[in-house]
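Enquirer: Numbering (this note's numbering), first residue to last: 312 to 893.
Glycine residues also receive a C-beta, built at the ideal position from the N, C-alpha and C atoms.
One structure, pasted below without further comment.
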Ligand code: PEP
Ligand code: MG
């Protein structure tokens, strides 16, 4: 029996998972050239035919599953790949060359696919250029089937797996199936990286930032992920397994104790209602939001609509999703954030030295008016539902919001001239997530209906600490006095201009932060759905004067550690046995 080993990382998504390690690697398939005797040429072409048919069956099943889970046609991006498998021209070319050159099917197929991809990449048409990635995806899938290899896409991971990866891209993480994947461990990433956000959204226990994980863990070995303590255990001993069985029971008990809070209104003990809403990345998550008692969607991260398909989603596709979400959440509000592409949500071949300081979010949209207008039209059309609000990410200058408002006005005029219905009084807000926006928030407040503070980026940019870099994750702390003082400044500026101020970064999901944020005056807190019941539990035992006193105290400290110690002490006074929640 191999010895138990503990690997330390960063706890990013709560819960315990015990399962089989599945190493998720995105290495290219290696193909070798082999001569084939004439008598076996027919067999070779048949082998290829079978691999193509198998690939098609796999893709159709994946497409079906994604559509069933999301309730919408999110898996259309696979249509292009399925069509490529039916391409008669490719099939004819491969067959001809196998027979003529007397070489193995994988070698010829790989060559034909490479030529095809090369030709497409030289096309001036963006649509054809975007198909290059599809060609490679589908081509590698056929090659793996030909070679009898397992697939390395996240959508193929078998039931009962704990995913072991170096990193998982946002588009791949959006395809994770929580029914198959019990836990996630990766070498890269931190608490607010997108793998962290997605695993929390899907309620998959996860530990990131584990050094040399890929070289240490072997495929198929038994592992435990402890998403509360941030550790991965290889070859757990029987004692350890029993310990985690008990811990899982406790986890279940805590969840049961929190269940009543799903239904209770988010009111302080002295009767102040604080809006508690949910952050979602996928349409289907609205069910989690409702289950945990969210009073609306405080942040719909629409970029996942873009990242889970290839190419730009059309106005109609976007409208269908926004409209369906608005209808299912009625009468609660739905805040749709325009695309926050760039940063770590990489979407183009354009490489930057500092993507987080580069062509990201609103900067991309303002540079590509056509792309921006499509999304604005789709959101405005969905606003006939009245509960839709629109929000713009990564604002760093006053000029940006002036330009946005001008563009929005023009789009509204165009819709009106077409006699297309929309809510002309739709609320417009911005995310305050750069220090510059926070520092000029009193001017920005004159131009919008609300602010939502993005504490993830606000922390990253204020402290100069990359939110996804595990090497410096100790420095990333949203309780840093610089961050909480900026939050106070933004909240005061918003209130001075009579607009409401929310916070939708991960700080809102931290139970320690609840009294602090309420005391600072925030009107709304938006968080991952599972964090809503504990937030309500804390909220309902506090009074506004309690929170204001706590916030006042917290603003005076010199370090994040001092702030956290103080908050812990204060919360303990109210809840002597809160440890399981904190
Ligand atoms: C934030 O930055 O706090 C935020 C909520 O946006 P995202 O995490 O999508 O960047
Ligand atoms: Mg952000």
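Below 6 Å CB to CB, which residues in the same chain sit around residue 450 once its five sequence neighbours on both sides are set aside?
Expert: 424, listed in sequence order.
Enquirer: State the beta-bridge partners of residue 331 as determined by DSSP.
Expert: Answer by DSSP bridge pairing, in chain order: 472 and 533.
Enquirer: Could you say which of 442, 410 and 492 lies nearest to residue 346 if we only look at CA atoms?
Expert: That would be 410, whose Cα lies nearest to the Cα of residue 346.
Enquirer: Tell me which residues share the same chain as residue 854 and place their Cβ nearer than 7 Å to its Cβ, disregarding the 5 neighbours each side in the sequence.
Expert: If we look at residue 854 and ignore the five residues flanking it on each side, its Cβ neighbours are 579, 580 and 581.
Enquirer: Take every Cβ of the region 777 to 791, pair it with every Cβ of the region 755 to 764, and state whether three or more of those distances are shorter than 8 Å.
Expert: Verdict: no, contact absent.
Enquirer: Nearest-angstrom Cα distance between residue 510 and residue 638?
Expert: Spanning the two alpha carbons is a distance of roughly 26 Å.
Enquirer: Please list, in chain order, all residues of the same chain as residue 417 whose beta carbon is under 7 Å from its beta carbon, the five residues on each side excluded.
Expert: Excluding residues within five positions, the ones whose Cβ falls inside 7 Å are 342, 454, 457 and 458.
Enquirer: For residue 676, verify whether its CB is less than 8 Å away from any heavy atom of the ligand PEP.
Expert: Checking the Cβ of residue 676 against the ligand PEP gives no.
Enquirer: DSSP has residue 415 in a bridge; who is on the other side?
Expert: DSSP, once it has assigned bridges, lists no residue as partnering residue 415.
Enquirer: Can you determine whether any heavy atom of the ligand MG sits closer than 8 Å to the C-beta of residue 768, and answer yes or no?
Expert: Yes, the Cβ of residue 768 comes within 8 Å of a heavy atom of the ligand MG.
Enquirer: Which term fits residue 401, buried or exposed, when burial requires 16 or more other beta carbons within 10 angstroms of its beta carbon?
Expert: Result: buried.
Enquirer: For residue 479 and residue 493, I'd like the C-alpha separation in whole angstroms.
Expert: About 15 Å.
Enquirer: Buried or exposed: which applies to residue 863, given that a residue is buried once 16 or more other Cβ atoms fall within 10 Å of its Cβ?
Expert: By the 10 Å Cβ count, residue 863 comes out exposed.
Enquirer: For residue 319, list the residues DSSP reports as bridge partners.
Expert: Residue 319 pairs with 542.
Enquirer: Assuming residue 722 and residue 691 form a contact by the criterion Cβ under 8 Å, report the distance between their Cβ atoms to the nearest whole angstrom.
Expert: Contact holds; Cβ gap of about 6 Å.
Enquirer: Might you give, ordered along the chain, the residues of its own chain that have their beta carbon closer than 6 Å to the beta carbon of residue 768, omitting 5 neighbours on each side?
Expert: So the list reads 744, once near-sequence residues are dropped.
Enquirer: To the nearest whole angstrom, what separates the beta carbons of residue 624 and residue 672, a pair I think is in contact under 8 Å?
Expert: So it is not a contact: roughly 17 Å between Cβ atoms.
Enquirer: With respect to 8 Å, is the separation between the Cβ of residue 795 and the closest non-hydrogen atom of the ligand PEP below this value?
Expert: The answer is no for residue 795.
Enquirer: What does the alpha-carbon distance come out to for the pair residue 534 and residue 513?
Expert: The straight-line gap from Cα to Cα measures roughly 20 Å.
Enquirer: Does the distance from the C-beta atom of residue 897 to that of residue 503 stay below 9 Å?
Expert: The first residue shown for the chain is 312 and the last is 893, placing residue 897 beyond what the model contains.
Enquirer: Let's test the definition: count the other Cβ atoms within 10 Å of the Cβ of residue 528 and tell me whether it reaches 16, buried, or not, exposed.
Expert: Classification of residue 528: buried, given that the 10 Å Cβ count is 16 or more.
Enquirer: Who does residue 814 pair with in a DSSP beta bridge?
Expert: The partner list for residue 814 (beta bridge, DSSP) reads 764 and 836.
Enquirer: Exposed or buried, which one is residue 361 when buried takes at least 16 other CB atoms within 10 Å?
Expert: That one is exposed.
Enquirer: I think residue 695 touches residue 645, with their Cβ atoms under 8 Å apart; what is that distance to the nearest whole Å?
Expert: Not really, about 13 Å apart at Cβ, beyond 8 Å.
Enquirer: Between the alpha carbons of residue 378 and residue 516, how many angstroms are there, rounded?
Expert: Each residue's alpha carbon lies about 24 Å from the other.
Enquirer: From what residue to what residue does the alpha helix (DSSP H) around residue 880 run?
Expert: Element bounds for residue 880: 871 to 885.
Enquirer: Mapping the DSSP letters down to three states, classify residue 586 as helix, strand or coil.
Expert: Residue 586: strand per DSSP, three-state reduction.
Enquirer: Rounded to a whole number of angstroms, what is the C-alpha to C-alpha distance between residue 648 and residue 372?
Expert: Roughly 31 Å separates the two Cα atoms.
Enquirer: Look at the alpha carbon of residue 770 and the alpha carbon of residue 809, and state the distance between them as a whole number of angstroms.
Expert: Answer to the nearest angstrom: the Cα atoms are 25 Å apart.
Enquirer: I'd like to confirm something about residue 612: is its beta-carbon nearer than 8 Å to some heavy atom of the ligand PEP, or not?
Expert: Within the cutoff, so yes.
Enquirer: Have a look at residue 422 and residue 558 and give me their C-alpha separation to the nearest angstrom.
Expert: C-alpha separation (whole angstroms): 53 Å.
Enquirer: Should residue 762 be labelled buried (16 or more other beta-carbon atoms within 10 Å of its own) or exposed?
Expert: Label assigned to residue 762: buried.
Enquirer: Any heavy atom of the ligand MG closer than 8 Å to the beta-carbon of residue 742?
Expert: Yes, the Cβ of residue 742 comes within 8 Å of a heavy atom of the ligand MG.
Enquirer: Are the CB atoms of residue 746 and residue 874 nearer to each other than 9 Å?
Expert: No, these two residues do not count as a Cβ contact at 9 Å.
Enquirer: In terms of residues, what are the limits of the alpha helix (DSSP H) holding residue 550?
Expert: Its alpha helix (DSSP H) spans residues 549 to 574.
Enquirer: On the DSSP bridge assignment, give the partners of residue 861 in chain order.
Expert: Residue 861 pairs with nothing; no bridge assigned.
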